[in-house]
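Following: one structure in structure tokens, then a few remarks.
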Amino acid sequence: MKQRSFSFWCFGVFFWLCFYLAYPWRELIDDVRYQAILENKSFYFSYPLFRPVHSLLLYLQGFFLESSMEKAVLISIVLHLITVSIAWKILIPRLPAKIQLPAFLGLFAFLFHPVSLQTAVHISQRAEILGTLFMTLSICVFLNANRPRPSITSFVQLAGLTLLCFFSKENFGLVALLLLFVLAIQTKSGVGTLLSIGCLGLIFYCSQLNAISQPLVQNQDNYRKSREFHQAVLEGRETTKENSLILPLRDRQENLQLQTALIPLIARIIVIPFGLVNDYGHFPYGRASYQLTLPWLWLGSGLLLSLLGLGVFFWKKLNLGNWALLVSPAVLYGVYWIFPVYDPLVLYRLYGVVFLLFVVAIPIALQNFQYLTSIFAILLAVSFLGGSVRAYEMKNPLREAETELSRRPENFRIHIARLHSLLKNGIRPIDCQKELEPALKLTPSTSLIYIEWAYCLIEQGQKNEAKIYAKKSLEQEAVPENISIALQYLMGPTGLEVPLTEIHPENLKYIVNK
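By the working numbering, the letter at position 246 of the sequence shown is numbered 247, and the numbering carries on one by one without gaps.
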């Protein structure tokens with residue numbers, strides 16, 4: 002077993018090393034806040050995004066290693082391999098003996114899975130890797146404490162890891178907190194209960210400071226107004242900044258409908274990882290997602306119902322700790338049913354879910370199934386094949402963009418990714434209107450597209466035309482990073498070349514505070 006494990010591990014490292022050396026590095030950081038941190042233009046807590054562990058690591062990397070994309074991606078890959086190594090050497094030996102081999106095969110399926118591949122090479126998603134790393138350590142502490150009676154040290158360690166999970170990526174803290182609560186309940190520990198309540202209180206307080214948790218339930222009139230403005234722009238009707246209010250967050254009802262519609266596709270991505278979801282804003286939802294002619298609806302729903310049915314069937318053989326581990330993937334992803342978000346970001350959010358499902362939840366749920374090891378051997382083969390296909394697609398940025406566009410033409414972000422690939426490959430001239438008009442029709446916020454339009458023009462030396470679209474992007478509410486880019490395009494020898502009266506009031510507040 003040890004020799005086989007070592008061979009698997011060497012093969013996994015070799016796969017990632019080949020991918021790292023073959024990948025054509027380009028602009029991987031898709032968030033200018035993290036770009037600024039990495040380039041030491043700002044310290045990590047200067048920005049409202051409340052993920053200090055993630056941001057601090059980026060800052061230290063920039064401070065010691067400079068803003069090298071190659072080094073940044075290599076660090077993410079190393080963190081991914083460290084997570085796998087900890088699970089292999091510490092977590093799996095603490096699982097019940099009869100599920101250790103399936104869990105081991107599931108771990109290597111996670112190692113090669115396209116979701117892991119995609120997440121590890123995008124720097125701004127390093128929070129997912131760090132969250133999974135500390136969550137893995139949390140499970141190790143939980144399993145170890147469950148054997149003898151847990152000491153105070155066990156509770157303190159689990160509480161500390163809960164906070165590290167939360168400060169890496171908010172939703173990961175909920176999984177560790179669940180394990181802390183269960184451990185306290187199982188042992189009737191007063192110390193564990195107090196630490197659980199203390200962690201919960203601190204998480205609640207910090208959530209109020211978190212940019213992601215700022216007023217999520219938007220006024221329905223404003224939400225309707227934003228959709229009406231977008232429609233007016235598409236129809237060519239006259240618009241002004243007074244009737245512009247493009248909200249970056251969905252309302253609660255729309256978000257719940259969207260997340261519900263994603264369930265079958267999520268199951269398909271995890272178990273049969275081909276035709277992956279690449280980025281944001283690409284799903285039809287509502288009735289369109291529940292057409293009975295869609296095979297993935299039946300397959301995904303069947304997989305979920307089968308897993309749930311098996312768990313219920315064997316519920317008497319599962320203790321409270323096993324149930325906590327079994328439901329942890331739902332807790333991890335289910336937080337997005339509660340808090341509305343701008344877009345589902347499905348692929349990156351599945352990184353921790355894939356880990357929990359393959360290594361912990363499915364082995365526990367199916368531990369009495371006769372062919373469990375064979376099932377996980379198949380999962381490993383499919384995951385490796387899917388990861389190899391994805392690695393091939395990602396070797397050529399333009400080929401990757403074209404592939405994603407053919408899969409999901411309704412994803413406005415993929416149109417933008419294709420434009421960036423064309424520009425970075427030196428293809429000139431580029432018809433900015435032709436490339437971005439489809440995205441303009443699909444985007445929830447026209448300002449997102451106008452700033453890309455300005456970028457497209459300025460890269461081709463059309464600075465005056467670019468200023469027109471940069472100005473347009475400031476006439477409606479935009480996300481802060483887009484405001485910063487627009488200001489760069491509009492700065493002249495004498496300062497800002499746009500009258501402040503023409504800037505949206507919300508953007509003006511940001512500029513004044515800046």
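C-beta: ideal position from N, C-alpha, C; glycine also.
Since the model is a prediction, treat every value here as computed from it, not as a measurement.
Runs of 3 residues minimum, wholly inside the region 412-444: which ones carry the beta strand (DSSP E) assignment? none
Check: At what residues does the alpha helix (DSSP H) containing Val361 begin and finish?
Finding: That residue, Val361, is in no alpha helix (DSSP H); it is neither H nor E in DSSP.
### Task
Helix, strand or coil for Gly387, going by three-state DSSP, please let me know.
helix
**Report entry** Residue from Leu196, Phe15, Ala331 with nearest C-alpha to Leu164
**Finding:** Leu196
Quick one: Cα of Pro94 to Cα of Arg148, how far? Whole-angstrom Cα-Cα distance: 13 Å.
Counting only the same chain and skipping the five closest in sequence on each side, list residues whose C-beta sits under 6 Å from that of Arg391. For Arg391, where only same-chain residues beyond five positions count, the Cβ hits under 6 Å are Pro115, Leu118.
message = Rounded to whole angstroms, what is the Cα-Cα separation between Leu75 and Pro25?
response = 13 Å
**Trp299 classed as buried or exposed, judged by whether at least 16 other C-beta atoms fall within 10 angstroms** = exposed
>> For Met70 and Val192, I'd like the C-alpha separation in whole angstroms.
In response: In this model, Met70 and Val192 are separated by some 45 Å (Cα to Cα).
Can you grab the Cα-Cα spacing for the pair Val79 / Ala110, in whole Å?
17 Å
**Asked** In this structure, what does DSSP give as the bridge partners for Met492?
**Response** Leu497
- Item | Among Gly174, Val234, Ala382, Glu453, nearest to Ala418 - alpha-carbon criterion | Glu453
Subject >> Selection from Tyr60, Ser485, Ala233 that minimises the alpha carbon distance to Leu441 >> reply: Nearest in C-alpha terms to Leu441, of all of Tyr60, Ser485, Ala233, is Ala233.
Original post:
Any idea what DSSP makes of Gly13, helix, strand or coil?
Top reply: DSSP places Gly13 in the helix class (H, G or I) of the three-state scheme.
* Leaving aside the five residues before and after Pro364 along the sequence, list all residues of the same chain whose C-beta is less than 8 Å from its C-beta, in chain order. => Closer than 8 Å at Cβ, skipping near neighbours: Leu96, Ile100, Pro103, Ala104, Gly107, Leu373, Phe377.
query: Can you tell which of Glu405, Ile267, Ser422, Leu386 has the C-alpha that lies nearest to the C-alpha of Leu399?
result: Ser422
Practice prompt. Could you pull out every residue in the same chain whose Cβ sits closer than 8 Å to the Cβ of Pro216, ignoring the five residues on either side in sequence?
Written response: Legend: pLDDT at Pro216 = 42, less than 50; position of this residue unreliable, value from coordinates given subsequently. No residues qualify anywhere along the chain.
- request: Taking Glu129 as part of the alpha helix (DSSP H), name the residues at either end of that continuous run.
  value: For Glu129, the enclosing alpha helix (DSSP H) has its first and last residue at 127-146.
Taking only three categories from DSSP, how would you classify Ala479?
coil
Would you mind working out which of Cys11, Phe16, Phe7 sits nearest Gly387, comparing C-alpha positions?
-> Phe16
Exercise for the section: Assuming Val328 and Leu175 form a contact by the criterion Cβ under 8 Å, report the distance between their Cβ atoms to the nearest whole angstrom. Expected result: Not a contact, Cβ separation roughly 11 Å.
* Asked: Smallest Cα separation from Gly303: which of Val272, Cys207, Leu326?
  -> Val272
Along the chain, where does the alpha helix (DSSP H) containing Arg52 start, and where does it finish? Run containing Arg52: none; DSSP gives neither H nor E here.
Q | Among His123, Leu59, Leu178, nearest to Tyr352 - alpha-carbon criterion | A | The shortest Cα separation from Tyr352 among His123, Leu59, Leu178 belongs to His123.
Requested in this report: Can you tell me the Cβ-Cβ gap for His416 and Glu436, rounded? I've got them flagged as a contact below 8 Å.
Outcome: 7 Å
Exercise for review: Please specify which runs of the alpha helix (DSSP H), each continuous and at least 4 residues long, are wholly inside the region 152-184, giving them in chain order.
Suggested key: 153-169
Practice item. For the alpha helix (DSSP H) holding Arg72, just list the boundary residues, first then last. Key: For clarity, residue 72 is Lys in the given sequence; the question names Arg instead. Run containing Lys72: 70-87, per the alpha helix (DSSP H) assignment.
Practice task
Count the other CB atoms, across all protein chains shown, that sit within 10 Å of the CB of Gln158; report buried if there are 16 or more and exposed otherwise.
Solution key: buried
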